[in-house]
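Residue numbers (UniProt numbering), protein chains in the order written: chain A, 1 to 247; chain B, 1 to 208. What follows is a set of notes on a single structure, which appears directly below.
Right under this line is the structure:
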């Protein structure tokens, strides 16, 4: 087993490429207008406050936490396309991030979220909650089973619809790696019409959020599979660092 | 031909959206029975050493409106300034303390509230002590990439004056946006820390 304290993993994190990420102010996504800072971010070299992070043990997981088909069901399976989502959490050095907590949430097959502030007229599915979580194995792998979410209208432009998507929240090994993002599905034409997707400046970056249909991983007569790899910030080796003991 | 570096690119961030609670705090919005409790909402165990404090406040947009759908995570050292969890090699932090917590703002009042302990001092990368602080991470609908900031304590005036991070802030007039004000509520030291996303009182956010 890899020693997570070994020197190559101890250095500072590569800086975030904020021209690759969406900027804060993206006026076509209207809510960002009043919720984006106007001042520049203050650059802060990694200190121990950013290079450390919480640990979540596999013992916190329930047996159905990564099975959205069953973890809320009471009277039968939810309605909709049965779907496996799997992949790996890697860092920018292409090394697996083991022990990463991955949380996900989504609407049901009709695009309806189970949330008290949600008012879309599509029906709630009595057997679908929409939340799940898992922890990556020693190779950084994760997987879960769910229903493919539907597209969803939202009050932004007069006729804006979100593409089918699953939200992801990922904890790496340090708070500097904390990330929330969204996964989209290969071939969905609405990906390229969405102001939230378009908050990301480059098409190349958007494509890294589009999960590939994987027929080989699909279960015949049962469940389709999509592959979605997630990349967290990588870090320098300590041999490049020039820091005092204690950090 | 030049050798390729062979690195991957970080997955780009996207907003957490208005329904982030489904994934992070399902019990808070009435999705019960999937998880026993919302992760990060557990009280600090009695065995944890340190002074009990409350940290509370609002998240406010550029129009002065309170956010009702924000989610806040905090990460902090224990009472001795050691971080629980990965990446701490100076010693072993208080084993009863997780150092991490997560709370949504109230859907009606917009108030957030953490019951935690006051952290000790941890070193800057050159070894100088940093003043006690709590790292904040804020996500919400309309925030495309999570915002990092730090809470410092009003009653740590001497330590704050020597803090290497606060010391390198060029716009000195903005430093108070990182200092939580102290009061005592029901006998418990309570620090109020409002986060202004935009405008005149805009909080300092960090690129970490």
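By construction, the Cβ of each residue, glycine as well, lies at the ideal position given by its N, Cα and C atoms.
Using the Cα positions of residue i and residue j, report the straight-line distance between them to the nearest angstrom.
{"i": "residue 226/B", "j": "residue 190/A", "result": "There is simply no residue 226/B to check, as chain B begins at 1 and stops at 208 in what is shown."}
{"i": "residue 221/A", "j": "residue 83/A", "result": "12 Å"}
{"i": "residue 67/B", "j": "residue 110/B", "result": "6 Å"}
{"i": "residue 100/B", "j": "residue 135/B", "result": "10 Å"}
{"i": "residue 154/B", "j": "residue 130/B", "result": "14 Å"}
{"i": "residue 38/A", "j": "residue 72/B", "result": "20 Å"}
{"i": "residue 208/B", "j": "residue 94/A", "result": "21 Å"}
{"i": "residue 150/A", "j": "residue 31/B", "result": "20 Å"}
{"i": "residue 19/A", "j": "residue 112/A", "result": "33 Å"}
{"i": "residue 198/A", "j": "residue 152/A", "result": "17 Å"}
{"i": "residue 52/A", "j": "residue 160/B", "result": "22 Å"}
{"i": "residue 168/A", "j": "residue 105/A", "result": "7 Å"}
{"i": "residue 41/A", "j": "residue 77/A", "result": "47 Å"}
{"i": "residue 55/A", "j": "residue 6/B", "result": "29 Å"}
{"i": "residue 203/A", "j": "residue 28/B", "result": "36 Å"}
{"i": "residue 124/B", "j": "residue 97/B", "result": "22 Å"}
{"i": "residue 76/B", "j": "residue 30/A", "result": "33 Å"}
{"i": "residue 241/A", "j": "residue 75/A", "result": "57 Å"}
{"i": "residue 37/B", "j": "residue 54/B", "result": "21 Å"}
{"i": "residue 214/A", "j": "residue 190/B", "result": "52 Å"}
{"i": "residue 170/A", "j": "residue 231/A", "result": "10 Å"}
{"i": "residue 165/B", "j": "residue 43/A", "result": "10 Å"}
{"i": "residue 211/A", "j": "residue 143/A", "result": "13 Å"}
{"i": "residue 236/A", "j": "residue 127/B", "result": "19 Å"}
{"i": "residue 172/B", "j": "residue 178/B", "result": "11 Å"}
{"i": "residue 50/A", "j": "residue 79/A", "result": "42 Å"}
Using a threshold of 8 Å, state whether the C-beta atoms of residue i and residue j are closer than that.
{"i": "residue 35/A", "j": "residue 88/A", "result": "no"}
{"i": "residue 139/B", "j": "residue 195/B", "result": "no"}
{"i": "residue 194/A", "j": "residue 233/A", "result": "no"}
{"i": "residue 117/A", "j": "residue 18/B", "result": "yes"}
{"i": "residue 134/A", "j": "residue 102/A", "result": "yes"}
{"i": "residue 180/B", "j": "residue 151/B", "result": "yes"}
{"i": "residue 223/A", "j": "residue 11/A", "result": "no"}
{"i": "residue 132/B", "j": "residue 156/B", "result": "yes"}
{"i": "residue 210/B", "j": "residue 114/A", "result": "With chain B represented from 1 up to 208, any question about residue 210/B goes unanswered, as that position is not in the structure."}
{"i": "residue 246/B", "j": "residue 149/B", "result": "One cannot answer for residue 246/B here, as it falls past the ends of chain B, which runs 1 to 208."}
{"i": "residue 108/A", "j": "residue 72/A", "result": "no"}
Mind reading off the beta-carbon distance from residue i to residue j? Whole number of angstroms is fine, and I expect it under 8 Å.
{"i": "residue 24/B", "j": "residue 141/B", "result": "Actually they do not touch by this definition, with Cβ atoms about 14 Å apart."}
{"i": "residue 188/B", "j": "residue 52/B", "result": "6 Å"}
{"i": "residue 26/A", "j": "residue 144/B", "result": "6 Å"}
{"i": "residue 47/B", "j": "residue 83/B", "result": "Actually they do not touch by this definition, with Cβ atoms about 18 Å apart."}
{"i": "residue 70/B", "j": "residue 94/B", "result": "About 29 Å; that fails the 8 Å criterion."}
{"i": "residue 65/A", "j": "residue 129/A", "result": "Not a contact, Cβ separation roughly 11 Å."}
{"i": "residue 43/B", "j": "residue 35/B", "result": "Contact flag wrong, Cβ pair sits at about 16 Å."}
{"i": "residue 12/B", "j": "residue 136/A", "result": "Actually they do not touch by this definition, with Cβ atoms about 20 Å apart."}
{"i": "residue 174/A", "j": "residue 87/B", "result": "5 Å"}
{"i": "residue 110/A", "j": "residue 122/A", "result": "4 Å"}
{"i": "residue 8/B", "j": "residue 92/A", "result": "5 Å"}
{"i": "residue 164/A", "j": "residue 188/A", "result": "6 Å"}
Using a Cβ-Cβ distance under 8 Å, would residue i count as near chain A?
{"i": "residue 14/B", "result": "yes"}
{"i": "residue 131/B", "result": "no"}
{"i": "residue 194/B", "result": "no"}
{"i": "residue 86/B", "result": "yes"}
{"i": "residue 121/B", "result": "no"}
{"i": "residue 11/B", "result": "yes"}
{"i": "residue 29/B", "result": "yes"}
{"i": "residue 66/B", "result": "no"}
{"i": "residue 44/B", "result": "no"}
{"i": "residue 58/B", "result": "no"}
{"i": "residue 7/B", "result": "yes"}
{"i": "residue 167/B", "result": "no"}
{"i": "residue 24/B", "result": "yes"}
{"i": "residue 198/B", "result": "yes"}
Compare the C-beta of residue i against all C-beta atoms of chain B and say whether one is closer than 8 Å.
{"i": "residue 246/A", "result": "Annotation note: pLDDT 48 at residue 246/A (below 50); position unreliable, no value reported."}
{"i": "residue 205/A", "result": "yes"}
{"i": "residue 51/A", "result": "yes"}
{"i": "residue 48/A", "result": "yes"}
{"i": "residue 86/A", "result": "no"}
{"i": "residue 148/A", "result": "no"}
{"i": "residue 182/A", "result": "yes"}
{"i": "residue 237/A", "result": "no"}
{"i": "residue 136/A", "result": "no"}
{"i": "residue 7/A", "result": "For residue 7/A, the predicted model reports a pLDDT of 48, less than 50, meaning its position is unreliable; a value from the coordinates is still stated below. So no, residue 7/A is outside the interface."}
{"i": "residue 70/A", "result": "no"}
{"i": "residue 176/A", "result": "yes"}
{"i": "residue 1/A", "result": "In this predicted model, residue 1/A has a pLDDT of only 35, less than 50, meaning its place in the structure is not dependable enough to derive any value."}
With respect to 7 Å, is the separation between the Cβ of residue i and the closest non-hydrogen atom of the ligand MG below this value?
{"i": "residue 190/A", "result": "As presented, the structure is devoid of all ligands, the ligand MG included, so that no description of it is given."}
* **Every unbroken beta strand (DSSP E) inside the segment 73-151 of chain B [3 residues or more]** => 100-104, 111-117 and 133-139
* To do: Could you pull out every unbroken beta strand (DSSP E) segment of at least 3 residues lying fully inside the segment 74-109 of chain A, listed in chain order?
  => 82-91 and 101-105
* Could I get the ranges of all uninterrupted alpha helix (DSSP H) runs contained in the segment 152-231 of chain A, with 4 residues as the minimum, in chain order? => 203-207
* Ordered list of alpha helix (DSSP H) runs contained in the segment 14-55 of chain B, each at least 4 residues -> 20-24
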